[in-house]
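Report on the following structure.
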Amino acid sequence: LPRAWVGPLLPGAMVNAPKTKRTFCKGPKCCKHQVHRVTQQKTGKASLFAQGKRRYDKKQAGFGGQTKPVFHKKAKTTKKITLRLTCTQCKTVRLLAIKRTKHFEITEKKAKSKGPSF
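Here it is, written out as C-alpha cells:
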C-alpha cells in the first residue's frame, strides 16, 4: 500500500487532543464554527432490559451451566478513541471517532510532539 493510504498514525503512537477545539456546530441555533469542549466518550451502562440481555438471562436461568460461548480469543490491543465535542454556545453534542491508539491524552493546549493531534 502507498504511504498516503496507510496514514501517518501508528497504533502505538501517543495522541494528544486539545481541551477545546473550534469546529463546525450542526445545532439548529448555531450552524457555524464555534468553540467545542472536548472529552473522551465513555461506554454507557448496559441495560438489563435490552433484548439480547433478556434472552441471555432467560437461557442462563436454571440448571445446565454456561449456555453460550465465552469469548477468549482477544486479538486487538487497542481501542478506537471517540471524542465527545460539546458546543459551548448551544450545548449540542457531536461524536468524532479517531484512529486506534494505546496512549491518549486531552491536554491543555496543542502540544508540540511527534504524534499528530486532533
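If you count by the numbering used here, then the sequence shown holds residues 16 to 133, one letter each, in order.
Ideal Cβ positions, reconstructed from N, Cα and C, are used throughout, including at glycine.
Assigned with DSSP and collapsed to three states, Lys-44 falls in coil, not helix or strand.
Residues of the same chain with a CB within less than 8 Å of the CB of Leu-100, apart from the 5 flanking positions on each side, are Lys-36, Thr-38, His-51, Arg-52, Val-53, Val-108, Arg-109, Leu-110, Leu-111 in chain order. Residue burial annotation: Ala-90 is exposed, with fewer than 16 other C-beta atoms found within 10 angstroms of its C-beta.
For Lys-36, the secondary structure class from DSSP, reduced to helix, strand or coil, is strand. The Cβ atoms of Gly-42 and Cys-102 sit closer than 9 Å to each other. Per DSSP, the beta-bridge partners of His-51 are Lys-36, Cys-102. Distances from the CA of Cys-40 to each of Ile-113, Cys-105, Lys-117, Thr-116 were compared; the closest alpha carbon is that of Cys-105. Contact check for Ala-61 and Lys-68: beta-carbon distance about 7 Å, within the 8 Å limit, so the pair qualifies.
Shown here, Lys-95 sits in a strand according to DSSP, grouped into three states.
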